[in-house]
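Sequence lines, in order, name chains R and E.
First residue of the first sequence: 1, per my numbering; consecutive thereafter.
First residue of the second sequence: 1, per my numbering; consecutive thereafter.
Backbone N, C-alpha and C fix where the C-beta goes; we use that ideal spot for every residue, glycine too.
Keep in mind that this is a model prediction, so the values were computed, not measured.
First up is the structure itself, then whatever we jot down about it.
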Amino acid sequence: ADETVENQFLSLTFDGSTGLLKSMTDKKSGRSMSVRQSFYWYTSSVGTEQDSQKSGAYIFRPAKQTPQDLFNGTSVGLKVVKGPVAVEVRQQFQPWLSQVIRLYNAKEFAEFEWTVGPIPIRDHLGKEIITRFDTDLKTNRTFYTDANGRQILERIRDHRADWQYSNTEPVSGNYYPINSRAFIKDPKMQLTVMTDRSQGGSSVQDGSLEIMIHRRTLADDNRGVGEPLNETGQFGDGLIIRGKHCVLLTSVNKAAVAHRILGEQLYMAPSLSFTKGVQDWA
Amino acid sequence: SSSTLRKSMGVAQHHDAVSGTEKQHVADDYAERLYKGRAQCQELVGDVLGNLMQKNATVKPPQAVFCDYLNISVCPVTVDNQQFTITAYNPIARQVTTVVRIPVKGNYSITGPNGKMVTTQLQDVSEGTKQARRNRGNAPKELLFPITLPPLGFSTYIANSLPGAGSPPSNVQYKVFTPK
C-alpha cells in the first residue's frame with residue numbers, strides 16, 4: 001500500500017513499492033498533483049570532436065542530454081517517523097545519497113533535506129547531481145527563477161527575449177541561476193522550490209523542475225582555473241553536501257504570499273546559541 | 001576589532017568565493033578567512049546576548065557557544081550536558097515560530113521562556129546524518145521542539161535531562177517499508 005503523510009496544509013503520498021514521492025495535495029484547495037521526485041546525474045563532458053569544451057568549474061556541459069536516475073529501480077528503503085512535532089520520511093537512494101522529507105506541524109511547506117557525497121569517481125566520469133520534480137502541471141515551456149532573491153523572472157525553454165536562440169546545448173543552455181527560489185505553474189497550481197543556497201536549475205521538460213545540488217568534474221574547462229572542480233575535502237575522498245529545499249504547493253493566487261514570507265524566514269533564519277548549565281540568570 | 005559586526009565580517013564577495021571557480025589553495029584560503037570572520041561574529045554575538053541577559057541576572061551568564069555542525073546533528077554542549085540552555089535570536093521584525101533540532105544522548109524536558117513545558121519529539125538520527133558527520137559526533141538521538149521568537153529579539157529555552165526511569169514513553173512511531 002502507498003504511504004501518506006500529512007499536516008494541516010500538505011499531504012504527501014509515497015509509492016509503497018518504490019518509496020518515491022508519488023503525489024502532493026494542497027489541503028486548502030483540495031487539489032492534488034502527481035509528482036515524482038528523484039535524483040539523477042549528468043556525465044560531465046570531456047569535449048567532443050566538434051567542440052572541445054569540457055564541463056568544469058565555470059562551464060556545465062553534460063555529455064548526454066538525458067540524466068541517469070540515481071534511484072536503483074527497486075526501492076529507496078522508505079522509513080517513516082511520526083511524532084507530535086514533525087513527520088519524517090527517510091529515503092536512501094545510493095550509499096552516498098540520502099534524503100529526509102519532513103512535514104512540520106502547522107507549516108505550509110515540505111522540507112526536502114538531501115545529503116550527497118562523496119560523489120564516486122572510480123569510473124573516471126565527472127558527475128553533476130540533480131534533484132528533479134516531475135509533475136503533471138501543464139507549464140508550456142515556461143518556468144520562473146529569481147534574480148538575487150528579489151525579482152522573479154520568466155524563463156522560456158529554448159528561447160531568449162533579446163536574440164535568436166540557437167539550441168546547441170539543450171540542457172545547460174536552459175540552465176539559469178536560482179538564488180532563493182524557482183517555480184513552475186499552470187493556471188491553477190504552483191510548485192515552488194525554495195533553496196538554501198545559490199544553485200542552478202531548469203525545466204527541461206514541461207511539468208518538470210530540476211536543480212543541481214552537487215558536482216564533481218575531472219577535467220578543467222579551460223576558462224582560467226587550471227584545475228578540475230574536484231575538491232577532495234578533509235577526508236580526501238570528496239565533499240559531502242547537505243542542504244534543504246522547502247517545497248510549496250499552493251494555488252497560484254496564494255503562491256506569492258507563501259513564498260515571500262517563507263523566503264524571508266529562510267534567508268534570515270534564527271541563530272541558535274547554547275550554554276551549558278542553567279543558572280539564576282536564565 | 002570585534003566590537004561591531006561591521007568590523008567582524010564573514011563575507012567574501014568575489015564570485016570565486018561562492019562558485020568554485022578558483023584553484024583549491026584559493027578555496028582553502030577563502031575557507032580560512034570565512035572561518036575567522038564567523039568566529040569573530042560568534043564571539044561578538046555571544047557577548048551581546050550575555051549583556052542583554054545580564055540585565056536581569058544576579059550572576060554573569062556563561063559564554064554562549066555556537067554549533068557550526070548543527071546541520072549534521074553535532075553539538076557537544078547538547079550531547080554532553082545534563083542541563084543546558086538554547087537561545088535563539090530572530091532577526092526578522094515579526095514573530096517567528098520554527099522547529100529546532102538538537103543532537104542528544106537521551107531524553108530531555110524543554111521549558112519555554114514563559115515557564116511552560118514545550119512539546120518535544122525524541123527520535124533516532126537518520127542514516128544519512130550518521131554518514132555525513134563521520135567522526136565529528138555520535139549522538140544517537142535528535143530532540144525536536146517548536147520555538148516562538150519575538151520580533152528582533154531572542155528567547156531562551158531550558159533543557160533538563162530526564163532520567164531513564166522517569167522518562168515518558170516514546171511519542172514517536174517508526175514504520176519501515178520493505179521492497180516488494
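>> Let me confirm a value: R:Phe109 is counted as buried when at least 16 other C-beta atoms fall within 10 Å, else exposed. Which label applies?
In response: buried
> Which residues of chain R have a Cβ atom closer than 7 Å to the Cβ of E:Tyr89, listed in chain order?
Replying inline: Pro270 and Ser271
>> If you follow the beta strand (DSSP E) that R:Ile178 is in, where does it begin and where does it stop?
In response: Tyr176 to Ile178
>> Between R:Val85 and chain E, is any beta-carbon pair separated by less than 8 Å?
In response: Yes, R:Val85 lies at the interface with chain E (some Cβ there is under 8 Å from its Cβ).
>> For a minimum of 3 consecutive residues, which ranges assigned as the beta strand (DSSP E) are wholly contained in the stretch 27-98 of chain R?
In response: 31-43, 79-82 and 86-94
> Is the CB-CB distance between E:Asn81 and R:Lys27 below 8 Å?
Replying inline: No.
> Nearest-angstrom Cα distance between R:Asn105 and E:Thr98?
Replying inline: 10 Å
> For R:Val257, does the count of other Cβ atoms within 10 angstroms reach 16, so buried, or fall short, so exposed?
Replying inline: exposed
> Can at least three beta-carbon pairs, one atom from the stretch 140-159 of chain E and one from the stretch 123-142 of chain R, be found at a separation below 8 Å?
Replying inline: no
>> Please state whether the Cβ-Cβ distance between E:Ala27 and R:Glu128 is less than 8 Å.
In response: no
>> When you compare the CB of E:Asn64 with every CB in chain R, is at least one pair closer than 8 Å?
In response: The identity of residue 64 of chain E in the sequence shown is Ala, whereas the question assumes Asn. So yes, E:Ala64 belongs to the interface.
> Going by alpha carbons, who is nearest to R:Asn222 out of E:His15, E:Thr21, E:Asp16 and E:Met9?
Replying inline: E:Thr21
>> Using C-beta distances below 8 Å, list every residue in its chain close to R:Asn7, excluding the 5 sequence neighbours before and after it, in chain order.
In response: Val87, Leu103, Tyr104, Asn105, Ala106 and Lys107
> Would R:Tyr42 count as contacting chain B if we go by Cβ distances under 8 Å?
Replying inline: In the displayed structure, chain B is absent; the protein chains listed are R and E.
>> Against chain E, which members of the stretch 248-278 of chain R pass a CB distance test of less than 8 Å?
In response: Glu264, Gln265, Met268, Ala269, Pro270, Ser271, Leu272, Ser273, Phe274, Thr275, Lys276, Gly277 and Val278
> Can you tell me whether DSSP reads E:Ala17 as helix, strand or coil?
Replying inline: helix
>> Using 8 Å as the threshold, is the C-beta distance between R:Lys79 and E:Val172 below it?
In response: no
>> Quick check: the Cα distance between R:Gln190 and E:Thr111, rounded to an integer number of angstroms?
In response: 39 Å
>> Tell me which residue opens and which closes the beta strand (DSSP E) that E:Pro146 is part of.
In response: Lys141 to Leu149
> If we count Cβ pairs, one from each stretch, closer than 8 Å, do we get three or more for the stretch 89-103 of chain E versus the stretch 67-83 of chain R?
Replying inline: The stretch 89-103 of chain E, when compared against the stretch 67-83 of chain R, does not touch it at the 8 Å Cβ threshold.
>> For chain R, check one thing: does any of its Cβ atoms lie closer than 8 Å to the Cβ of E:Thr85?
In response: yes
>> For a cutoff of 8 Å on Cβ pairs, would you count R:Ile129 as touching chain E?
In response: no
> Do E:Ser126 and R:Ser38 have their CB atoms nearer than 8 Å?
Replying inline: no
> Is the beta carbon of E:Cys67 sitting closer than 8 Å to the one on E:Val77?
Replying inline: yes
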